[in-house]
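Below: the structure, in structure tokens.
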Ligand code: AMP
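Numbering (my numbering), first residue to last: 425 to 643.
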């Protein structure tokens, strides 16, 4: 399927989980700046280390850096559609994405999915989130099966807590989200691309709504 989709929502709203389900079910390429930056951090590149300092404090990485990552990825993998998990996060990034799509054949975004969650859901999920250090698979302390150590069911990598999933950092992340990301709702509303989905529910229920939306748009 050739859909062009962005997933938006607060930290812990389920963007990564839903992106993974969309890519498996619909075979649409997915990327996430957060995942790329964590990989860069693990490789100890200057970009990775700089981004890690910002993320640890709950801030957003400068727009120019993020847009360059996305543009490079699109040139390599985005010809047949895409799902972005955690991009755009600012109006500037959304405007730059439009320019890039214009330059590359003029196709516009198909769907901007906003996963709406309560602050209580965010706090609960962030407090119990575990992520595979190797492949990025995300699960929770309550649903992970442990033998002696928490390991990823897909690649056997170690499941760890993210260093920005800290209660004090979460306050800053939520403040950044409110001031910089929430204005994107009206940006995509004006373009008739915005779809709000209740993200407080189980992942399968949320995914059923998202699937119906993607299928309807593809008709
Ligand atoms: P995520 O994995 O999407 O929660 O992203 C982890 C961190 O990477 C964020 O808290 C930011 O510091 C950075 N990051 C990810 N995506 C973006 C973006 N679109 N704009 C700016 N910073 C980002």
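Note that the Cβ used here is the ideal one computed from N, Cα and C, for glycine as well.
| query | result |
| --- | --- |
| The ligand AMP and residue 461: does the residue's C-beta get closer than 6 Å to at least one heavy atom of that ligand? | yes |
| Determine, using beta-carbon pairs with one atom in the stretch 441 to 458 and one in the stretch 546 to 555, whether at least three such pairs fall under 8 Å. | no |
| When we look at the beta-carbon of residue 549 and count the other beta-carbons within 10 Å, is it buried (16 or more) or exposed? | buried |
| Between the stretch 527 to 535 and the stretch 428 to 439, are three or more C-beta pairs nearer than 8 Å? | yes |
| Say whether the stretch 610 to 622 touches the stretch 591 to 599, bearing in mind that this needs 3 or more beta-carbon pairs closer than 8 Å, one atom from each stretch. | no |
| For residue 604 and residue 579, I'd like the C-alpha separation in whole angstroms. | 35 Å |
| Keeping to the same chain, check which residues put their C-beta closer than 6 Å to that of residue 511; ignore five residues upstream and five downstream. | 457 and 494 |
| Hey, how far is the Cα of residue 618 from the Cα of residue 608? | 9 Å |
| If distances are taken between C-alpha atoms only, which option among 562, 589 and 620 comes closest to residue 483? | 589 |
| What residue range is occupied by the uninterrupted alpha helix (DSSP H) comprising residue 488? | 487 to 501 |
| Report buried or exposed for residue 439, applying the criterion of at least 16 other Cβ atoms within 10 angstroms of its Cβ. | buried |
| Since residue 536 sits in a beta bridge, which residues does DSSP pair it with? | 430 and 618 |
| With a threshold of 6 Å, establish whether the CB of residue 513 neighbours any heavy atom of the ligand AMP. | yes |
| Can you list, in chain order, the residues of its chain with a C-beta nearer than 7 Å to that of residue 443? Leave out the 5 residues immediately preceding and following it. | 431, 454, 456, 507 and 509 |
| For residue 392, verify whether its CB is less than 6 Å away from any heavy atom of the ligand AMP. | Here the chain covers residues 425 to 643 and nothing more, so residue 392 does not appear. |
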